[in-house]
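Accompanying notes for the structure given below.
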Amino acid sequence: MQYSFYFYFEGLISSAVVRLDSIEIYNTHEWITEPTVYFVCKGENMTVLPDVTKADTVYTFKGEESWQPLTELKSKKCKRCGFYEKDTFKSDDVFDEWEFCASDFKANGKYILFKEKELNVTFNCEECTSLPAGTFNTDTNNDNKGNKLRVAIIVLIVLVASTVTIFGLMMAYKYWQKRKRQQDQARFLKLFEEGDDLEDELELGN
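The numbering of the sequence shown is full-length UniProt numbering, which starts it at 1 and goes up by one.
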């Protein structure tokens, strides 16, 4: 009964909150003022990380900060997210951008994002592992489905073309055989007629 309730409850979960456990940035891009580091997913409000001001320093969090949680992940959709640093004079600098999916999280509810010379981040999402399995749908998966469909269409076209070619060759071979028989018959009849003419000439000579 407990297992049935668990799986039923698990099926009801369609989203899960993501919190930031720790972050370390390896460089900053602002030389005059302290850097303003923020996290944002496409179509959502940015989350500024006010404590993250120095490079090569590991910042850890309890998950209870006023700006937590970072975002919420759905079971059927990944998000395009990233860490950035505000820039005073030009477009904001990018630490990293990636497709953020609930399936990224391990059984312990942790996900580590690492990009060389940029940052090292640990996320926490205990509910992500309880999302319905096999329902993740990303643009990449859609592209794969599209590629498979295109491959199937190409294979079908090749098979049809091969069948038509083979059928055409068979018909051409049969036509060649028929023409060859007709030519052989014509030569035989011609020889037969020439033999009759020769025989008639011999009879007349006698």
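Beta carbons are placed, not taken as given, at the ideal position from N, Cα and C, and that holds for glycine. These figures come from a predicted structure and were not determined experimentally.
Burial state of residue i, where buried means 16 or more other Cβ atoms lie within 10 Å
i	result
Q2	At Q2, the pLDDT of 42 sits below 50, so the modelled position is not reliable and the matter cannot be decided from this model.
S162	exposed
S91	exposed
I23	buried
L169	exposed
I157	exposed
T28	buried
L191	exposed
L49	buried
L131	buried
V151	exposed
Y111	buried
Residue i and residue j closer than 7 Å at C-beta
i	j	result
C125	F105	yes
F95	E118	yes
A107	T122	no
residue 208	L73	Since the displayed the chain opens at 1 and closes at 206, residue 208 lies outside it and no answer follows.
N51	Y38	Checking the sequence, you will find Asp at residue 51 rather than Asn. Their beta carbons are not under 7 Å apart, which means D51 does not touch Y38 by this criterion.
E34	T57	no
A16	E127	yes
Whole-number beta carbon distance between residue j and residue i, since they are thought to touch under 8 Å
i	j	result
F100	K79	5 Å
Q18	Y84	For the record, residue 18 in the displayed sequence is Val; it is not Gln. Not really, about 17 Å apart at Cβ, beyond 8 Å.
T47	L70	6 Å
Residue nearest to residue i in terms of C-alpha spacing, selected from the options
i	options	result
F61	T36, L20, K42	L20
Y25	D93, K77, Q185	The question names Tyr, but residue 25 is Ile in the sequence shown. The shortest Cα separation from I25 among D93, K77, Q185 belongs to D93.
What beta strand (DSSP E) runs, 3 residues minimum, are completely inside the UniProt domain "DUF7953" (15-126)?
15-25, 37-41, 71-74, 79-85, 93-100, 110-115, 119-124
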